[in-house]
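Chains as they are written, first to last, in the working numbering: chain A, 1259 to 1649; chain B, 6 to 171; chain C, 675 to 872; chain D, 7 to 109.
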Amino acid sequence: MAATFDQIFILFRNWLVHFLPPAWQPAAGALLGVIGIVAVFPGLFALTTLLERKGLGRMQNRYGPNRVGPFGLLQPVADGLKALTKEDVVPFNANGLMHLLAPLVMVVTVFMSFAVLPMGRHMELVDMDAGLLFFFAMGAATELSVFMAGWSSRNKYSILGAMRAVAQMISYEVPMLLSSVAVVMIAGSLSLPKVVAAQNHYTGIFPHWYVFTPWGFGAALMFAIAAIAETNRSPFDLPEGESEIIAGYHTEYSGFKFALFFLAEYLGMFALSGLGVTLFMGGWSAPFSFLTWIPSWIWFFAKVMLAICVFIWMRGTLPRLRQDQLMNFAWKFVLPYSLLVLLVTAFWRFLPPGWERWVVCTVILAVAYVVMGRAAFKLKRVGPRSYRYAE
Amino acid sequence: MSIPFYLISALTIAGAVAAMTLKNTLHCALALTIALAGIAFLFLGLDAQFVGFAQILVYIGAVAILVVFAVLLTRSGESLLPAKRARTWLAGLAIAAVTFLVLGWSVLASLYGLPNETAAPSVTMQQIGNALMGPYVFPLEVVAVLLTAATVGAVIVAMHEKARNK
Amino acid sequence: MLGEGILKGLAQTAKNFAGSYVSEERLTTVQYPEERLPVAEASRVFPFLVFDGSEWLGGMRCVACQICEKECPPKCIYIEKSKDKKPDYVGKQQFYPVRFDIDISVCMSCQICVEVCPFEAIKMDTAFELATDDRFGGLLLDRQQLAKSNEYYHSIHPTEASEVDARLDEEKVKAEAKAKAAAPAAAAKPPAPAGGKD
Amino acid sequence: MTPLGDYLLVAALLFAIGLGGALTRRSAILVLIGIELMLNAANLNLIAFWRYGPHPEALTGMMFAIFSIAVAAAEAAVGLGLIIAIYRHTQTTDLDRISRMKG
């Protein structure tokens, strides 16, 4: 019974598709998969906007939105309606085509990066041999659309915001790749379902997730920092911070195009937290061995929502980093530490399994973290500010 | 004779021509991106998955944006260049046409000798990894050193004048 | 160690988040239309005209002396004096305003008119839900809209109202005593022309 | 299955366009874009020959293409660094005016 419930979507799709003549069946199956993704994630996006505003409210000792619908559940519908009915103002000498193309390219590329995420047992849309590389290739394309948005609205603030956003996304993409390469080194394959399969077994009741190994925890930490920076969220949301340069690269956007940017940002959050969950927290595998009867896709979406709550938690807590602090932090702490994590993963890979490799790796990572942390403090780049103006 | 091949190659060539002929330098940079994306799809058409994604990641993800940054930093985005073409532009075009004729002729002349239909080789990442670590480990290290040198070199070359000769 | 501050901050917001579900008094939000915060006693929004008794025009204390009109910094009070007179609370014949308009879109609630009014005729109201859809006429309140009873005054500013009433009663007693004292002198003199004094 | 010849023709055309652009345009950045296109055309040939070659499992073509992409990226980085330095020095990216070696 549990197996059928676990594979319910696959069986449902096969049942739907078998009405068609066999020639069209694979295409129809793929189409249904795409429709599934395009329906589920914008729905989750609507839920997350509400979750975010209520969560932030509760953190600041106030209720979140509770006017529209019971407990504010219809708030996303209200926001969506507002975004759709707002007038879509395009600046006079803006570059019409690029101004329209930027949000579309961003949303399309982010949606394409969902193709490789395994959302359940056998539930990845495309089982690519180089799935992780495809994911990052799509991530790289979003930077270009950010720049197109910034440049095509021909407004000084949006160009500034776009340049800052692109610089930030590029400098945090390198550590993100490096930390996921560590996982590939251990899992032995770039294909995400194989990565999940490598983590999907248990000793006693505890799973073999990579986040519980020393190198995995270090890599997960760096991946989390890079993911938050890659989606321009919370402590790293300088490019679109309201108090900074108005709204950065989407200053000149309004109405539907602005809603598309908003959707793209949240889908980017889902994609990256989905990838983080797949790489480090065992994708769709159950947290304890006695819980495996619960369907696999429930675990994937539960972990993704947990990651989204961490995003929101960070947003409710941390002040915004300045551009020079942000870039220094990327190149002088996150990147070196990711390289070190890669080295430690190599040790882990080639040391015989046993307590020695646990000790060796943990000691190296801990000492490096403390030493580099203090060094970063001493350089006054990352620590509390002692200078009046950024030189 | 497959339709997608013609579509993609038409897109690529259109992007390349646009990249070379547009007046505004920034439009050229974006046309270059379209051409690079087209080439990436051609690689995927040739079942070279790894190279296709690497192409997207490296070229569209980094090089195209680098070009765009350069265009903005040297402020050649706004000012339309007075004379679009170099003084010796006619000679340039002639040379390009001649090279294309020679290459085209050589391809067409040897067309019958080229193998047309072969089974698509299934290349797994495992094989690429082993090849990179096996016979090609030396070039890999050389490229690593080269990339580091290039990064450091580019930073020093482009570093702010005042900071450099301090 | 890098990141200590972050962890402390996260712990704090987590405590807030959890606490808001556990102890209700953490949440200071007042659901406005349903629940309301009690209006502070000394709060002021726009002026209103006080009248004694039940009939708003007869009992109106304002004697159209136009001091408040002159003193009002943004000049948003417009008064026209009446031709005839009417008795005030002491019984003395006084003028009354035929037109007393306040433009509340201009008024800045500075309470100067209340301070300069010698007759305690204008006080500050606390009603703040004054939204209208008519931008011009709707925000120019005439004397009838401004006139409110003394009981209402007592309800919004109890202490101040009682002081004012005490002062007015005291003056009334003094005026009657003076009138009683002046009455025999008036009788000794040839009877005064039939004045309107009661 | 598209025959090898078509890929070679497309690559040749791309190469010619890149060469033409590099030779005729005045702006340094556009010359660099032209060079980028030529390198990509060469990559396309490499992959085409690897794909239709006698034993594709040797992966030689693909390795060449991977290394050529890496080298081209490095070259683009250094090239643009040079262009920015030249621009900062001579305030122009117009190649006809930066033809003197003087200081």
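Cβ coordinates follow ideal geometry from the N, Cα and C atoms, glycine included.
Since the structure is predicted, the reported quantities are computational estimates derived from the model, not experimental observations.
Let me know the secondary structure DSSP gives residue i once reduced to three states.
i	result
Lys1636 (chain A)	helix
Glu754 (chain C)	strand
Thr1461 (chain A)	strand
Lys1265 (chain A)	Note that residue 1265 (chain A) is Gln in the sequence shown, not Lys. Gln1265 (chain A) falls in the coil class under three-state DSSP.
Arg700 (chain C)	helix
Leu723 (chain C)	strand
Lys1344 (chain A)	coil
Asp100 (chain D)	strand
Ile776 (chain C)	strand
Gln767 (chain C)	strand
Gly870 (chain C)	Note that Gly870 (chain C) has pLDDT 47, beneath the 50 cutoff, so the model's placement of it is unreliable and the number below is only indicative. Correct three-state label for Gly870 (chain C): coil.
Ile1552 (chain A)	coil
Leu1564 (chain A)	helix
Met1370 (chain A)	helix
Ser14 (chain B)	helix
Leu106 (chain B)	helix
Pro761 (chain C)	strand
Lys171 (chain B)	The predicted position of Lys171 (chain B) is uncertain, since its pLDDT is 44 and thus under 50; no value can be drawn from it.
Met130 (chain B)	helix
Met639 (chain C)	This structure cannot settle anything about residue 639 (chain C), because the visible part of chain C is limited to 675 through 872.
Ala79 (chain D)	helix
Ser81 (chain B)	coil
Leu1496 (chain A)	coil
Ala714 (chain C)	coil
If distances are taken between C-alpha atoms only, which option among the options comes closest to residue i?
i	options	result
Val147 (chain B)	D:Asn49, D:Val77, D:Ala82	D:Val77
Leu1601 (chain A)	A:Cys1619, A:Leu1448, A:Val1326	A:Cys1619
Val1374 (chain A)	A:Leu1355, A:Leu1448, A:Ser1437	A:Leu1448
Ala80 (chain D)	D:Ile41, D:Leu36, D:Tyr93	D:Ile41
Ala34 (chain D)	D:Ala17, D:His95, D:Ile89, D:Ala64	D:Ile89
Lys766 (chain C)	C:Gln819, C:Ala835, C:Lys852	C:Lys852
Met675 (chain C)	A:Lys1636, A:Gly1631, A:Leu1637, A:Thr1400	A:Gly1631
Ala1288 (chain A)	A:Thr1343, A:Gly1338, A:Val1384	A:Val1384
Leu1593 (chain A)	A:Met1434, A:Phe1263, A:Pro1610, A:Asp1337	A:Met1434
Thr1489 (chain A)	A:Trp1473, A:Val1599, A:Phe1528, A:Gly1338	A:Phe1528
Phe10 (chain B)	B:His165, B:Leu41, B:Phe46, B:Pro144	B:Phe46
Ile1570 (chain A)	A:Ser1403, A:Leu1314, A:Leu1274, A:Gln1457	A:Leu1314
Ser779 (chain C)	C:Val847, C:Leu815, C:Lys759, C:Gly679	C:Leu815
Ala71 (chain D)	B:Ser81, B:Gly97, B:Ile133	B:Ile133
Could you work out which residues of chain A lie near residue i, taking near to mean beta carbons separated by less than 7 Å?
i	result
Leu172 (chain B)	Outside the shown range of chain B, which is 6 to 171, sits residue 172 (chain B), and nothing can be said about it.
Met675 (chain C)	Val1628, Gly1631
Which chain B residues are close to residue i, counting only those with a beta carbon under 9 Å from its beta carbon?
i	result
Asp1385 (chain A)	Those do not exist, as Asp1385 (chain A) stays about 12 Å from chain B at its closest Cβ, beyond 9 Å.
For a contact meaning CB atoms closer than 9 Å, what does residue i contact in chain A?
i	result
Thr806 (chain C)	Near Thr806 (chain C) there are no residues of chain A at all, since even the closest Cβ is about 24 Å away, more than 9 Å.
Anything in chain C within Cβ reach of residue i, meaning under 8 Å, just list it in chain order.
i	result
Met1563 (chain A)	Within 8 Å Cβ-Cβ: nothing; Met1563 (chain A) doesn't reach chain C, min ~15 Å.
How would you list, in chain order, the residues of chain B whose beta-carbon sits under 7 Å from the beta-carbon of residue i?
i	result
Phe1394 (chain A)	Leu62
Residues of chain B with CB closer than 8 Å to the CB of residue i, please, in chain order.
i	result
Ala1398 (chain A)	Ile61, Leu62, Ile65, Gly66, Ala67
In chain D, what lies closer than 8 Å to residue i by C-beta?
i	result
Val22 (chain B)	Ile23
Contacting positions in the stretch 1615-1636 of chain A - beta carbon closer than 9 Å to chain C: When C-beta distances to chain C are compared with 9 Å, the residues of the stretch 1615-1636 of chain A below that value are Tyr1627, Val1628, Met1630, Gly1631, Arg1632, Ala1634, Phe1635, in chain order.
Using Cβ-Cβ distances below 8 Å, what residues of the stretch 1572-1596 of chain A are close to chain B? none
To be precise: take each residue of the stretch 1472-1487 of chain A, compare its Cβ to all Cβ atoms of chain C, and keep it if any distance is under 7 Å. Which residues remain? Cβ contacts with chain C: none found.
Contact list for the stretch 64-80 of chain B against chain D, Cβ threshold 7 Å: Ala67, Val68, Leu71, Val72, Ala75, Val76, Leu78, Thr79
Could you check whether the stretch 1582-1589 of chain A touches the stretch 1537-1550 of chain A, counting it as contact only if at least three pairs of C-beta atoms, one from each stretch, sit closer than 8 Å? no
Cβ contact (3+ pairs, closer than 8 Å) linking the stretch 46-57 of chain D and the stretch 97-108 of chain D: no
Pairs of beta-carbons, one from the stretch 1362-1377 of chain A and one from the stretch 1409-1426 of chain A, closer than 8 Å: are there three or more? They do not touch, by the three-pair rule.
Residues of the stretch 131-146 of chain B with a CB closer than 8 Å to any CB of chain E: list them in chain order, please. Going by chain labels, chain E is absent from the structure shown, which instead holds the protein chains A, B, C and D.
Members of the stretch 46-59 of chain B near chain D, C-beta cut-off 8 Å: Within the stretch 46-59 of chain B, the residues whose Cβ lies closer than 8 Å to some Cβ of chain D are Leu47, Phe48, Gly50, Leu51, Asp52, Ala53, Phe55, Val56, Ala59, listed in chain order.
Of the residues that make up the stretch 699-718 of chain C, which ones have a beta carbon closer than 9 Å to any beta carbon in chain A? Arg700, Leu701, Thr702, Thr703, Gln705
Taking one C-beta from the stretch 1339-1354 of chain A and one from the stretch 1385-1402 of chain A each time, how about it: are there three or more such pairs within less than 8 Å? Contact between the stretch 1339-1354 of chain A and the stretch 1385-1402 of chain A is absent: fewer than three C-beta pairs spanning the two stretches fall below 8 Å.
Assess, as a yes-or-no matter, whether the stretch 760-770 of chain C is touched by the stretch 798-808 of chain C under the definition of 3 or more beta carbon pairs within less than 8 Å. no
Please identify, using Cβ separations under 7 Å, the residues of the stretch 64-90 of chain D that lie next to chain B, in order along the chain. Within the stretch 64-90 of chain D, contact with chain B at the beta-carbon level (separation under 7 Å) is assigned to Leu65, Met68, Met69, Ala71, Ile72, Phe73, Ile75, Ala76, Val77, Ala79, Ala80, Ala82, Ala83, Val84, Leu86, Gly87, Leu88, Ile89, Ile90.
Of the residues that make up the stretch 1445-1469 of chain A, which ones have a beta carbon closer than 9 Å to any beta carbon in chain B? Gly1446, Ser1447, Leu1448, Ser1449
Taking contact to mean 3 or more Cβ pairs, one atom from each stretch, closer than 8 Å, check whether the stretch 1573-1580 of chain A and the stretch 1441-1455 of chain A are in contact. Segments in contact, no.
Short of 8 Å Cβ to Cβ, which residues in the stretch 1350-1382 of chain A face chain B? Residues passing the 8 Å Cβ filter: Met1356.
Give a yes or no on contact between the stretch 1546-1566 of chain A and the stretch 1448-1468 of chain A, applying the rule of three or more CB pairs nearer than 8 Å. yes
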